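If you're matching positions, the sequence shown starts at 40 in this note's numbering and goes up one per residue. Heads up, the beta-carbon is just placed ideally off N, CA and C, and yes, glycines get one too. Here the structure is a predicted model, which means the values were calculated and not measured. Heads up, the thing below is written out as structure tokens.
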Amino acid sequence: MDGSPAPLEDDASRLDRLLAHEGQYLDEARRLAQRDPSSDGAPAPAEPDITAPRRDLCGLALSGGGIRSATFNLGLLQCLQQMGLLEMFDYVSTVSGGGYIGGFWTAWRHYHLKEPSAGNTVALFPMSQEQGARGARFAEVRHLREFSNFLNPRLGLLSLDTGRMFVAALSAVLPSLLAAFSFLVLVLLLWLLLAWLLLLGWEGSPPWVARAVSYALMIGVTCGALFTWELLLFRQDNRVRLNRGRPGANPDEEVQEREGRRFGYYLNASVLAVGTVLFFWQWLVHAHPANAQAFHSVWWPVTEDAPPWRERLHVFDPAIAWVGAAGALVLLRWLSSRFATAWMQRTERAAMSRVISRLLLLASFWSVLSCFWLAGMFFLTSNLMEIYSLLQTGVVATVMVLSAAFARLQQLFSRRATRPVSPTASSRLRSYLPQLLAYTVLALSFLGAVMLVLRAMNQAWLPHLVGTVIALTGLTLLLFDANSVGLHAFYRDRIARTFIGAAHGQGPGQTELHSLDDFSLDRLKPQPGPLHLICCAANDLASIDPMANLYRGADSAVLSSVGFSVGPEWKSWEKIRQEGGTAPTLASAMTASAAAFNSHMGSMSMRLGPAVTFLMTAFNLRLGLWWPHPTRARRRWYERLCVGLPFYKELLGRSRAKGRDVLLSDGAHFENLALYELVRRRCRFIIVSDCGMDADTSFDDFANVVRRVREDFGVELRIDLSPLRPDGDTGLSRRTVVAGDLEYPDGSSGVLLLIKPSLQGNEPPDILQYKTRNTAFPHETTGDQFYDEAQWEAYRRLGEHTALTIFRSVRGESESGRMLATARLFARVRNEWLPVPSGYEERFPRFVERATALDQLLEGAGARKLFREIFKEITELDRQAKTSPPPQVSDAHSLVIEAGSKPTPQELTDALHMIRRALLFMEEVFLTEQLAAHYNHPAYRGVVNYFARWGYAPLLRTWWPLLKTLHSPRFTHFLEERFSLPTVEHKDVGQLGGREEGFAMSCWVAQGGRKPRPHEHLLSYILHLPHGGRPEYPIQAAQLIVRTHQDREGEARPLLWSGGGKPERRVVLWQGDDFYVPPGLWGAGIGEDFLRLITEDPLMPGIVEPGSVLAVRLQVDREASAARRKRWADELHLYHAEGFTQPDPALKQWLADLEPELDQDAAMPWAKKKSEYWKSLWLTRLYQPTPEATARREESFEAESTPGLH
């Protein structure tokens, strides 16, 4: 059923080969269009958010939506050609209705575009810039308008087209119904044969022969079912391993896994199960002396002297035997549960669980068939013979009525993308209606098959029925071509006559198929214009690995003039031809891409269940296309002989995206926007025309593709869709297009334009009139494929009007003949159509008022230097305004000297107030407008540039290390990241020092702390405020009082510790509150950097040496408030982050002995605060200076000579 695995190759390698192969096509297409094959036009200016390397790919995605999408996108393409913008596209990716007009465009270029003469450019679409809207009168467009009702162009009950539709439907439904019903009868007959042999059906044979056959068959059926299921599971596991690219795992784990799944455990459980089944079966056969006669009564003809009904219930005896055996095994598991080890759970008991489940499945299958058999007998008993004919008619009528209702419900539900947001009881019931109706119709059909067989048995024409069923099944296998016998062929011919017929222009007004209406895809040679990607869904209902498939039920497939791909696997038509394969026609590919109503519909079919799939195939409600897999199409002889085998695969829901044959259907069954494959090809600039039916504007299709490109490619789509939603009262939208960003995992970015058919109130009058008469416009149901003149023209003109609105900012260049480069054009359109954040217009005046107030402050006398640092242009203007002769030094040097002079303390003080107000204003805008996520939005370009002027002002950068502590971490991180503001982690910004007087010490003393004693040392953290990129103004931003000696009888002795006879180590210890960062500087990273320097920088000799023990004592109050406990937790985390851990017991006891002295001589008065609830926690680590810190530390450990700011 499935193909052999393709050679192992990662997806990235496959994609690179695909892009290289398609790149050759694109280079030739660009050459034919007189374009540079290696660039996208003239050099684009540097755009920080969308700048890209050469050969940025540009794609156009035309979504599904039936004839609505085709007509709207026709107007869109006409306008793009009129403005000269079509030539910028490398790919046009289409789904369903978008493929109609995409196929028309591809066929038109195939028939009309020849290699141009030197210096001439070609028109890529039947529209010219000079004719404008008159392009609607082109012959091609006229043909499309005449065939707007393309399924039945000539209306009328007795018209040829109506007759063609009726004949197509009849010729499609009758063969498939006969084949499906024959399949049901054949399954029933096989079960009857098996049941007849099991239940001693050989009435004239010796009893011992019948019993021997019965016992042997029971053993055979049980063993066959158990071992077949296990073999299928084994093959499934192997396929999953190969599919995930892991043929081998860790050797030890692989051995354990193989041991756990060893066949011997399953064999033991199966033998035990077979023995138990045989015991129950022998008991059922020999329970009563007359049981053989009772078994024969199961097949007794339906007559008046038939045996009682209770004797017919023996048909359930095989199921009873299997259920009894399963129950016995369950009892055995329960009795042995006490002795089960973990190994037994994974081996023996797991194997027994699989055996039990399969016995129950076998019993369930038998019981269902037995119930149908008895139901058929019940309807044919003597008491109901007089209404038998009426009953047969009723069953047939009921099946037909329910089938029609099911088909209608299925058509409605096939477009539903997700479950209801808030499901109610009625919505849940409606969601199950197709399944319920399908199972009802299938049950009645099978009941009809039972009644047919019983009728044949009673009237002795059962052999004729068996022969007829076998003959029909054989003919179906040998002659039933699923692509030819069905609605696919009719739908393909209608699409070809309408859209490809419009492209070549032959046979105007002819509704019959023309000889030029179709051609194979491999005949499409490189031509000017984009490469057409016809996106389909490769159905995967019987997936090799449904978990890896995420139960999507389908994978993406692409048919193009270059080749055929399913997921990441692809092959060119040239190579497929060399291997004996063929390429489908353009019309077949378009039809498959538009096969919205199909028996297999991806995840929708997985939700609806197998009964829906069976019935849709039986009634031939299928438009899909079976085609050999591009890399796995190695068919066996019987698959080549039995052309009807795909029909039975489809009937039983056995489609596989990685099988030898794949079932292609509407691309919407995987992704409806045609965007997925453009993202796979890493297109940087994409326009998406979303014409799917979305009356409630929930954007299901767009949300679906956002999820899938994120999950499969790691690509993030960031876009605000709210402007596309219509107003609840007027029905008008604020916009018809929005711009967003594409973020690829390699760090590159691009632009996405999403177009949604909508009205703004400025449309032409005929469109507004049509909207008045048809309130659902422009989101009328996709089921309506029969357009009249007004409806068709309304959608076409709306597409044209929408494109004119979108690209109005570039109309001047297009009309003057100047073509913008792709990057520049998308940058301009992005700036115009990226949605403005909600409420920004209301908040903007307040921002202007605040900025104006700041500018007025800068006009003061004390702000002259800050004003010139923010607006550096003034310095340059002043220099140019000076009298001649000009300075001898270079301009740049003069500017640097004037703008970069070191500020005086007074200038620093005068600037502080204004810098503080500016930072508060910047933080307000940052938090209000969420600039962390939207800083590159065009609406905030002026705001961010204003921030940059302040951020790069030297005075602000000087104060920043201190002022950042007064702002939120998110805001400070944003400024430091965007404007490279100095942080304490920067080299030379923070250093260790020995100064005893400074800002930190003054705050420490004010809070009651004392200065260091003779046996203590002070370590200071000196924060150098920078200017001009150099540390200039040192400030004592933190301090630590450490103890290196203890007082013993008035003598200071060094703290030395040795444990376990090891050499003595010097100990440097301090208490938690002695590590002091002044209030107002918390949260800026000063404490973290200070502690890092203490543990890794070389300190003054005599205080500590490498290998010394650093010990800190944290005082924890178990009854303190939650806020205080949180602070202690933060302190603990701070020390843990720098490698401090709890000491071993010996060192901990040695440190504990020092606690009384520490309490009496604490730098902070601990003795006054300590109570019985306080607990000491010691943390220690070794002092180990790093080589980097040693090399960086060149100065001696002395107080700096430069006066600081205290």
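Query                                                                                                               : Result
Where the alpha helix (DSSP H) containing residue 945 begins and where it ends                                      : 944-968
heavy atom of the ligand MG below 8 Å from residue 507 C-beta                                                       : With respect to the ligand MG, the structure shown offers nothing to examine, as it has no ligands at all.
Alpha helix (DSSP H) runs contained entirely in the segment 362-412, provided each spans 4 or more residues         : 381-385
Residue 677 classed as buried or exposed, judged by whether at least 16 other C-beta atoms fall within 10 angstroms : exposed
Distance CB(residue 574)-CB(residue 97) smaller than 9 Å                                                            : no
Straight-line Cα distance separating residue 150 from residue 608                                                   : 31 Å
Three-state class that DSSP yields for residue 489 in the structure shown                                           : helix
C-alpha gap between residue 61 and residue 140, whole angstroms                                                     : 22 Å
Buried or exposed by the 16-neighbour rule on C-beta atoms within 10 Å, applied to residue 1183                     : exposed
Cross-strand partners of residue 144 (DSSP beta bridge)                                                             : Residue 144 is not bridged to any residue.
For residue 805, the three-state DSSP class (helix, strand or coil)                                                 : helix
CA-to-CA distance, residue 1221 to residue 1092, given in whole angstroms                                           : 21 Å
Residue(s) in a DSSP beta bridge with residue 1142                                                                  : Answer is none; residue 1142 lacks a bridge partner.
In chain order, each alpha helix (DSSP H) run of at least 4 residues that lies wholly inside the segment 671-697    : 676-680 and 684-690
Under the three-state DSSP convention, the category residue 56 falls into                                           : helix
Validate contact between the segment 999-1019 and the segment 1044-1055 using beta carbons, cut 8 Å, 3 pairs        : no
At least three beta-carbon pairs within less than 8 Å, the segment 599-616 to the segment 564-582                   : yes
Burial state of residue 248 (16 or more Cβ within 10 Å)                                                             : exposed
Under the three-state DSSP convention, the category residue 1080 falls into                                         : strand
Outcome for residue 362 when other beta-carbon atoms lying within 10 angstroms are tallied against a minimum of 16  : buried
Sequence-distant residues of its chain with Cβ nearer than 6 Å to residue 452 (five each side left out)             : Residue placement at residue 452 cannot be trusted, given a pLDDT of 45 that sits under 50; what the coordinates show is reported in the next sentence. Around residue 452: 473.
Chain C within 9 Å of residue 308, Cβ atoms only                                                                    : Protein chains in the displayed structure number just one, and chain C is not present.
Cβ shell of residue 1121 (< 7 Å), same chain only, five flanking positions each side left out                       : 1004
Straight-line Cα distance separating residue 405 from residue 222                                                   : 17 Å
C-alpha distance - residue 885 paired with residue 962, whole-angstrom precision                                    : 14 Å
Residue range of the unbroken alpha helix (DSSP H) whose run includes residue 726                                   : Premise fails: residue 726 lies in the beta strand (DSSP E), 724-728, not in any alpha helix (DSSP H).
Residue 1188 versus residue 304 - alpha carbon distance                                                             : 58 Å
C-alpha distance - residue 388 paired with residue 1155, whole-angstrom precision                                   : 53 Å
CB of residue 409 within 9 Å of CB of residue 485, strictly                                                         : no
Meets three-Cβ-pair contact criterion under 8 Å: the segment 521-532 and the segment 198-215                        : yes
Pair within 9 Å by beta-carbon distance, residue 114 and residue 835                                                : yes
CA nearest to the CA of residue 533, picked from 1080, 893, 1142 and 662                                            : 662
Option in 905, 544 and 1168 with minimal Cα separation from residue 178                                             : 544
The alpha helix (DSSP H) enclosing residue 536, as first and last residue numbers                                   : Where residue 536 is concerned, there is no enclosing alpha helix (DSSP H), given that its DSSP letter is neither H nor E.
Continuous beta strand (DSSP E) stretch holding residue 1009: start and end                                         : Segment 1008-1018 is the alpha helix (DSSP H) holding residue 1009; no beta strand (DSSP E) there.
Meets three-Cβ-pair contact criterion under 8 Å: the segment 750-757 and the segment 808-827                        : no
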